[in-house]
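Peer 1: The following block contains the structure, expressed as structure tokens.
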Amino acid sequence: MSRFMSDKFAALTPYTPGEQPRERKYVKLNTNESPFPPSPIAQRLARQAAGDLQLYSDPTCRDLVAAAAEFYGVETDELLFFNGSDDAIGFAFNAFCDDQTPALFPNITYSFYPVAADFNRVPYETKPLNADFTLNVADYCGAGKTIFLANPNAPTGIALSLSEIEQIVSSNPDNVVVVDEAYVDFGAESAVCLTKQYDNLLVCQTLSKSRSLAGGRLGVAIGNKALIADLNTLKYSTNPYNVNRMTAAAGIGAFCDVEYFEKNCRAIMENRAWAEAELKALGFVMTDSKANFLFAKHPQMGGLDLYNALREQGVLVRHFETELLRDYNRITVGSREEMETLVSALKTILGVAK
Ligand code: PMP
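Counting from 1 along the sequence shown, just add 3 to a position and that's the residue number in the numbering used here.
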């Protein structure tokens with residue numbers, strides 16, 4: 004740290020993103036990216052937009068907002084785009100939490116939440132998940148705090164039902180509930196339909212996973228127009244041009260190409276079911292993941308040892324060396340071919356005949 008760093012950030016521990024290695028070509032199952040390229044329409048529109056990069060992007064993202072509003076069935080003032088959904092989540096911590104209204108989220112969830120809370124100098128409380136990683140809905144009913152829930156949760160992949168989400172939202176009428184649906188398209192129920200009914204619900208989604216635009220950086224928040232107006236106040240007070248021209252154009256293509264989106268989501272769910280069955284046959288224990296990753300442990304091998312052994316075999320997964328997660332690894336569901344490589348590497352490591 005330099006001697007100029009403000010005291011307010013001196014104790015900040017930043018988020019650790021998954022590795023993006025360059026030294027070797029890995030089967031990359033560590034950051035929950037899509038194995039499929041962006042929609043051809045998204046690619047074409049982004050290429051066209053590249054020719055206009057001398058101009059600022061449209062701060063209102065008018066055409067993108069119109070395409071997304073149609074997709075979600077909401078009004079154009081009920082959603083707002085961000086530079087990835089991390090950005091949306093950071094804004095939500097900033098806008099809807101303070102000393103009087105701390106944040107609340109599970110002890111095991113997306114590890115960006117505590118970082119975003121600390122960065123925005125927001126106090127937070129965590130509630131432990133049950134031993135099987137399920138969430139106790141009652142912990143969040145009438146909580147009197149700003150609630151952040153990833154649904155499906157990360158890194159467990161376990162989803163709450165729409166009625167459980169509604170229970171939490173309806174029992175906290177005076178607090179914002181942020182539902183982070185980064186992985187919702189792989190088999191969970193979205194709460195976007197509840198945003199008309201509840202003015203305290205903010206749903207965040209990303210185009211990084213199911214729409215193959217992780218490198219484009221595009222996230223969206225959907226909610227009551229007053230909540231969206233609040234987020235807009237913060238956006239125009241920080242970086243009004245937070246979505247660049249090429250990404251906005253790609254986003255329009257991604258929302259319009261529904262067929263491509265649905266086909267890819269189906270493929271991931273099929274590959275997940277296939278890999279789950281193969282891993283089970285090898286003795287792995289897994290959560291019931293509704294996301295594009297598996298959360299798995301093997302009774303005969305520690306999580307870190309397995310992570311290292313897979314790495315040696317050229318397969319990169321995500322390991323969290325914390326007390327509650329160290330037995331497990333989070334494994335992205337990729338193409339069928341990638342899943343076959345994973346299973347073959349696991350058989351080699353476990354000494355199982357192929
Ligand atoms: N929420 C969750 C639960 C995630 O796992 C991620 C991906 N790391 C994000 C949000 C952020 O995704 P992005 O910023 O790429 O939209």
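By construction, the Cβ of each residue, glycine as well, lies at the ideal position given by its N, Cα and C atoms.
In this text the structure is predicted, and so the values were computed from the model without any measurement.
Are the Cβ atoms of phenylalanine 94 and tyrosine 116 separated by less than 7 Å?
Peer 2: As a first step, residue 94 is located in the sequence shown; it is residue number 91 there, counting from the start. As a first step, residue 116 is located in the sequence shown; it is residue number 113 there, counting from the start. No, the pair does not count as a contact, with Cβ atoms beyond the cut-off.
Peer 1: By DSSP, does aspartate 183 sit in helix, in strand, or in coil?
Peer 2: Within the sequence shown, numbered from 1, the residue matching residue 183 stands at position 180. Aspartate 183 falls in the strand class under three-state DSSP.
Peer 1: Under three-state DSSP, which class holds threonine 344?
Peer 2: For the purposes of this step, residue 344 is taken as residue 341 along the sequence shown, with counting starting at 1. In this structure, threonine 344 counts as helix in the three-state DSSP scheme.
Peer 1: Whose CA, out of Leu309, Val355 and Ala252, lies closest to the CA of valine 68?
Peer 2: Residue mapping note: residue 68 aligns to position 65 of the sequence shown, counting from 1. Comparing Cα positions, the closest option is Ala252.
Peer 1: Anything with a beta carbon under 5 Å from a heavy atom of the ligand PMP counts; list them all in chain order.
Peer 2: Gly87, Ser88, Asp89, Tyr113, Ala153, Ala157, Asp183, Ala185, Thr209, Ser211 and Gly222
Peer 1: Three or more C-beta pairs closer than 8 Å, one from the stretch 83-101 and one from the stretch 238-247: is that the case here?
Peer 2: Short answer: they touch.
Peer 1: Answer yes or no: do methionine 272 and glycine 190 have a C-beta to C-beta separation smaller than 7 Å?
Peer 2: On the sequence shown, residue 272 is found 269 positions in, with the first residue counted as 1. On the sequence shown, residue 190 is found 187 positions in, with the first residue counted as 1. Going by C-beta atoms, methionine 272 is nearer than 7 Å to glycine 190.
Peer 1: Quick one: complete beta strand (DSSP E) runs, 3+ long, within the stretch 210-276?
Peer 2: 222-226
Peer 1: Using the DSSP secondary-structure output, state which residues sit across from threonine 129 in a beta bridge.
Peer 2: Residue 129 sits at position 126 when you count from the first residue of the sequence shown. DSSP output for threonine 129 lists Phe108 as bridge partner(s).
Peer 1: Sorted by chain position, which residues of the same chain lie with C-beta nearer than 7 Å to valine 355's C-beta, five sequence neighbours on each side aside?
Peer 2: To locate residue 355, count along the sequence shown from 1; it is residue 352. If we look at valine 355 and ignore the five residues flanking it on each side, its Cβ neighbours are Leu285.
Peer 1: When you compare only the Cα positions, how much space is there between leucine 319 and alanine 276?
Peer 2: Sequence index remark: in the sequence shown, residue 319 carries index 316 (1-based). Sequence index remark: in the sequence shown, residue 276 carries index 273 (1-based). Whole-angstrom Cα-Cα distance: 20 Å.
Peer 1: What three-state label does DSSP hand asparagine 332 in the structure shown?
Peer 2: What you label residue 332 is simply residue 329 of the sequence shown in a count that begins at 1. Of the three classes helix, strand and coil, the one that applies to asparagine 332 here is strand, per DSSP.
Peer 1: Check whether the stretch 44-61 touches the stretch 192-202, taking contact to mean three or more Cβ pairs, one atom from each stretch, closer than 8 Å.
Peer 2: Touching, no, given that fewer than three Cβ pairs across the two stretches are closer than 8 Å.
Peer 1: Here's the rule I'm using: 16 or more other beta-carbon atoms within 10 Å means buried, otherwise exposed. How should aspartate 183 be labelled?
Peer 2: Position 180 of the sequence shown holds residue 183. Aspartate 183 counts as buried, since no fewer than 16 other beta carbons sit within 10 angstroms of its beta carbon.
Peer 1: So what does DSSP say about cysteine 196, is it helix, strand or coil?
Peer 2: Your numbering for residue 196 matches position 193 in the sequence shown. Three-state DSSP puts cysteine 196 in a helix.
Peer 1: Starting from the C-beta of aspartate 330, find all residues in its chain whose C-beta is less than 8 Å away, skip the five residues before and the five after it, and write them out in chain order.
Peer 2: Position 327 of the sequence shown, counted from the first residue, corresponds to residue 330. Answer for aspartate 330: Lys300, Gly305 and Gly306, listed in chain order.
Peer 1: Using 8 Å for Cβ pairs, my map puts threonine 129 next to phenylalanine 108. What's the rounded Cβ distance?
Peer 2: Counting from one through the sequence shown, the residue named residue 129 turns up at place 126. Counting from one through the sequence shown, the residue named residue 108 turns up at place 105. Their Cβ separation, rounded to whole angstroms, is 6 Å, which keeps threonine 129 and phenylalanine 108 in contact under 8 Å.
Peer 1: Return the Cβ separation of alanine 146 and asparagine 175 in integer angstroms, given the expectation that the two are a contact with Cβ distance under 8 Å.
Peer 2: In the sequence shown, residue 146 corresponds to position 143, counting from 1. In the sequence shown, residue 175 corresponds to position 172, counting from 1. Going by Cβ atoms, the distance from alanine 146 to asparagine 175 rounds to 6 Å, so yes, they are a contact pair.
Peer 1: Give a yes or no on contact between the stretch 30-44 and the stretch 321-339, applying the rule of three or more CB pairs nearer than 8 Å.
Peer 2: yes
Peer 1: Please confirm if the stretch 4-24 is in contact with the stretch 211-224, defined as three or more CB-CB distances below 8 Å between the two stretches.
Peer 2: no
Peer 1: So, using beta-carbon positions, are asparagine 332 and tyrosine 310 closer together than 7 Å?
Peer 2: For the purposes of this step, residue 332 is taken as the residue at position 329 of the sequence shown. For the purposes of this step, residue 310 is taken as the residue at position 307 of the sequence shown. The answer is yes: Cβ separation under 7 Å.
Peer 1: Between which two residues does the alpha helix (DSSP H) holding phenylalanine 74 run?
Peer 2: Counting from 1 along the sequence shown, the entry for residue 74 is found at position 71. Element bounds for phenylalanine 74: 65-75.
Peer 1: Quick check: the Cα distance between aspartate 61 and alanine 71, rounded to an integer number of angstroms?
Peer 2: As a position in the sequence shown, residue 61 is number 58, starting the count at 1. As a position in the sequence shown, residue 71 is number 68, starting the count at 1. Approximately 15 Å between the Cα atoms of the pair.
Peer 1: Looking at the secondary structure, which residues open and close the beta strand (DSSP E) in which leucine 165 lies?
Peer 2: The residue given as residue 165 occupies position 162 in the sequence shown. Membership of leucine 165 in any beta strand (DSSP E) is not indicated; the residue belongs instead to the alpha helix (DSSP H) covering 165-173.
Peer 1: For the candidate residues Leu349, Cys196, Arg269 and Met4, whose alpha-carbon lies nearest to that of glutamine 303?
Peer 2: The sequence position of residue 303 within the sequence shown is 300, counting from 1. The candidate whose alpha carbon is nearest that of glutamine 303 is Leu349.
Peer 1: Mapping the DSSP letters down to three states, classify lysine 31 as helix, strand or coil.
Peer 2: The sequence position of residue 31 within the sequence shown is 28, counting from 1. In this structure, lysine 31 counts as strand in the three-state DSSP scheme.
Peer 1: If you draw a straight line from the alpha carbon of phenylalanine 39 to that of cysteine 268, how long is it in whole angstroms?
Peer 2: Here the question's residue 39 lines up with position 36 in the sequence shown. Here the question's residue 268 lines up with position 265 in the sequence shown. C-alpha separation (whole angstroms): 10 Å.
Peer 1: For phenylalanine 85, does the three-state DSSP call read helix, strand or coil?
Peer 2: Mapped onto the sequence shown, residue 85 falls at position 82. Phenylalanine 85: strand per DSSP, three-state reduction.
Peer 1: Taking 6 Å as the cut-off, is the CB of isoleucine 111 close to at least one heavy atom of the ligand PLP?
Peer 2: No copy of the ligand PLP appears in this structure; the ligands present are the ligand PMP.
Peer 1: Can you tell which of Ile352, Leu327, Ile334 and Gln316 has its C-alpha closest to the C-alpha of arginine 27?
Peer 2: As a working mapping, residue 27 is identified with position 24 in the sequence shown. It is Gln316.
Peer 1: Does the Cβ of asparagine 156 have 16 or more other Cβ atoms within 10 Å, making it buried, or fewer, making it exposed?
Peer 2: Numbered from 1 along the sequence shown, position 153 holds the residue referred to as residue 156. So asparagine 156 ends up on the buried side.
Peer 1: Return the residue from the list Ala294, Val118 and Val140 that minimises the CA-CA distance to valine 187.
Peer 2: Position 184 of the sequence shown, counted from the first residue, corresponds to residue 187. When only C-alpha atoms are compared, the closest one is Ala294.
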